[in-house]
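Student: Here's a structure for you.
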Amino acid sequence: TSDQAGTATGTTAGWVLYIDTVGILHFAVNDGVDAYIINGTTPIPEREMHNVVATYDESDASNCKIYLDGYDDTASKTGTLASIGDCSNALVFSIGAESDGGVPYDGFIAGAAVWDNIVLTAANALTIATVPLTEPAGSPTAWWTFYDLAASSTVDDEATAANSLDLTLVGGTTTNFGTHSRVTKAVLTANLLGFDQLTDTYNIGGWTAGDAASQIKKDKQIKKLGNTSLRVGNTDGTQAFARATVTTIAGVEYHFRGWFRAPVTPSGAAQLVDVDTTAALGITVTQAGTTTGGTWYEIEFDFEAADTSTTIDLGSGSATNAEYGYWDSVQLYKNYVDTGGFESNLAGSDWAKTGLPTVDDADTDEDTGTLSYSVNSDDPVTKYVSQDVTVVVGIDYTFTGRVKCGTVDSAVVVLSGAQATTTTLDNGADTTNYVTVRNRFTAATTTLTIKIYGDGAEAFFDNFSVSKINERRYDFNSLVTMPTIQFMLQFTDGNAKTNQIYYPTAKITLGEIGFTNQDFVVHEINVIPLDSFTYIVET
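Structure representation (structure tokens):
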């Protein structure tokens, strides 16, 4: 951080965006006599990247704001807006220091833009924060991406307005992120959301506010996994939610998994998750009346996609004004179990009866959704409900199910076939709550047989899934070696940009996880200055 004290109240006309000694943002405008300062609220810790937008409207103080990560962070305003006169000047525009080179900033800047005669809206600020790698909203007068090479003495203006407001390096040297083995993290996962479900450093992933009264932002103080969570709250005392849309396949089963931290005043009537609530196959998940405020809960359920576009809403879990719920590690997987949510009866699914167990295939004592299955087998060896699931030999899978006993310890799940060693899963005799049973296995054959039964008494089953291996996190600090030689080949591309191929190449070691599973994707990798690169996998 840098100390910018004194500049805002000086005698030089101009404007400045700065961060003070405790990490709070300020935006000051000065006409040489009077100053008007917009003060932020949130102290930004060192070693974190955040998106910042400052807006100034000389005719309307309500439009003078500081946005942090897409949301209004304005705490106060100092001075009188009407007192500010002509601020034009002949000083140098500077990023990283004052115009005269004073008060230098020591840190990282991942792009900057300036809009002339345009006051960005709250919606613009949120778009800029959530889609940071495209040209910012509102057609900026100048836009610097800082993709230029470390050896460059200029920083190109990339705005479509083509004003050619290039920056010139003044003193010192610039350094690309990565030249000195500074590295980031990556996620290798079968997650189908296609964006950062962990809400990481630069943005809030693919989530947007569900309505005008919903407020979402990343939070680094309250989190379950990783270093960031997604905070969801309201401003009008109604249910708030964050929304994302994911591409799906109609008729295919999917498994949702995530962690939710209940608000101070949990509402059993408030939704936790809505999946296509207007669609025929939509599902709504609410929290139990016994939910404890400020406690993390793992949320899992299964649903069948109604079409090729599925909307997922993550709720705050509260109808109390200015209360917040928190989400972390939200994931969506393809589920290879047919009717894994048990929302269709036996005749409409791949579940089948062997022998004559007592079965209610439309039981309303469900975990989520509207239905579950109850099974009572007098003879579990010959009387049960089962399904064969097709898998791929050698691939790692995770089985997950939700199980509840009826009156006694009776709920049993047996996995065999692709599960080389027949495995029996028991929910621990819980007759009040559904309990998660989980098992990881490497497919030994192409068929996994799932058998469910009540061992001499009624048992309830809901939300079964078989998904390819769950998420793995890799810390690039230990798994990637960055090159120390600057480059061995330099060329100019069709856009007249200079490119360098580094040697030796960065090598990624992924251990036991391979790329034979076509559902896997690698994302969240930043190797700068390269903004595109090819993965070479050694098998």
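In this text, residue positions in the sequence shown follow full-length UniProt numbering: the first is 1, and each later residue adds one.
Each residue gets a CB set at the ideal place from its N, CA and C atoms; glycine is no exception.
1. Determine the DSSP secondary structure at Leu167, reduced to helix, strand or coil.
2. Under 8 Å, with one C-beta from each stretch per pair, do the region 435-446 and the region 264-276 reach the 3-pair mark?
3. Can you give me the Cβ contacts of Ser83 inside the same chain, cut-off strictly under 7 Å, excluding the 5 residues immediately before and after it?
4. From the DSSP output, in three-state form, read off Gly348 for me.
5. Could you tell me the boundaries of the beta strand (DSSP E) in which Asn63 lies?
6. Quick one: which unbroken alpha helix (DSSP H) runs of 4-plus residues sit fully inside the region 265-342? Chain order, please.
7. How should Thr248 be labelled, buried or exposed, when 16 other C-beta atoms within 10 angstroms of its C-beta is the threshold for buried?
8. List the endpoints of the continuous beta strand (DSSP E) containing Lys468.
9. By Cβ distance below 7 Å, which residues in the same chain neighbour Ala213 in space, the five residues on each side in sequence not counted?
10. Does the region 45-52 come into contact with the region 85-95, if we say contact requires no fewer than three beta-carbon pairs (one atom in each stretch) closer than 8 Å?
11. Would the region 386-402 count as touching the region 343-363 if we require 3 or more Cβ pairs under 8 Å?
12. Output needed for Leu225: all residues of its chain with C-beta closer than 6 Å, excluding positions within five of it in sequence on either side, in chain order.
13. With 16 as the cutoff for other CB atoms within 10 Å, does Gln221 come out buried or exposed?
14. Return the CA-CA distance between residue 540 and Asp367, expressed in angstroms with no decimal places.
15. Is Thr484 buried or exposed, if buried means 16 or more other CB atoms sit within 10 Å of its CB?
16. Whether or not the region 447-455 and the region 410-417 are in contact is what I'm after, with contact meaning three or more pairs of Cβ atoms, one per stretch, closer than 8 Å; do they touch?
17. Near Thr421, what residues of its chain come up, given a Cβ to Cβ distance below 7 Å and the 5 sequence neighbours on each side ignored?
18. Using beta-carbon positions only, say whether Pro43 and Val22 come within less than 8 Å of one another.
19. Nearest-angstrom Cα distance between Phe256 and Pro380?
20. Less than 8 Å between the C-beta atoms of Lys223 and Gly70, yes or no?
21. Using a Cβ-Cβ cutoff of less than 6 Å, which residues in the same chain neighbour Phe464 once the five nearest sequence positions on both sides are dropped?
22. Are the CB atoms of Thr55 and Cys64 within a distance shorter than 8 Å?
23. Are Thr311 and Thr370 touching if we call contact CB-CB under 8 Å?
24. Bridge partners of Asn30, per DSSP?
25. Using the three-state DSSP reduction, which class does Ser99 fall into: helix, strand or coil?
26. Ignore the nearest five residues each way along the sequence and tell me which others in Gly293's own chain have a CB closer than 8 Å to its CB.
27. Over what stretch of residues does the beta strand (DSSP E) that includes Ser416 continue unbroken?
28. Confirm, please, whether the CB-CB distance from Ala444 to Ile395 is below 8 Å.
29. By Cβ distance below 6 Å, which residues in the same chain neighbour Thr423 in space, the five residues on each side in sequence not counted?
30. Looking at the secondary structure, which residues open and close the beta strand (DSSP E) in which Lys404 lies?
31. Does DSSP put Ala262 in a helix, in a strand, or in coil?
32. Return helix, strand or coil for Asn376, following the three-state DSSP convention.
Tutor: Reading off the structure:
1. strand
2. Counting C-beta pairs closer than 8 Å gives fewer than three between the region 435-446 and the region 264-276, which falls short of the contact rule.
3. Asp34
4. helix
5. Counting along the chain, Asn63 falls outside any beta strand (DSSP E), and DSSP gives it neither H nor E.
6. none
7. Buried, since its Cβ has 16 or more Cβ neighbours within 10 Å.
8. 459-468
9. Asn234, Thr235, Asp236, Thr238, Ala240
10. no
11. yes
12. Asp328, Ser329
13. exposed
14. Nothing about residue 540 can be reported from this structure: the residues present for the chain run from 1 to 539 only.
15. Confidence is the limiting factor: at Thr484 the pLDDT is only 39, short of 50, which leaves the residue's position unreliable, though a coordinate-based value still follows. With fewer than 16 other Cβ atoms inside 10 Å of its own Cβ, Thr484 counts as exposed.
16. yes
17. none
18. yes
19. 30 Å
20. It is not a contact, given that the beta carbons lie outside the stated cut-off.
21. Val337, Gly340, Gly401
22. yes
23. Cβ atoms of Thr311 and Thr370: not closer than 8 Å.
24. Gly14, Ala35
25. coil
26. Ala262, Pro263, Val264, Thr265, Pro266
27. 411-417
28. no
29. Leu415, Asn439
30. 396-405
31. coil
32. strand
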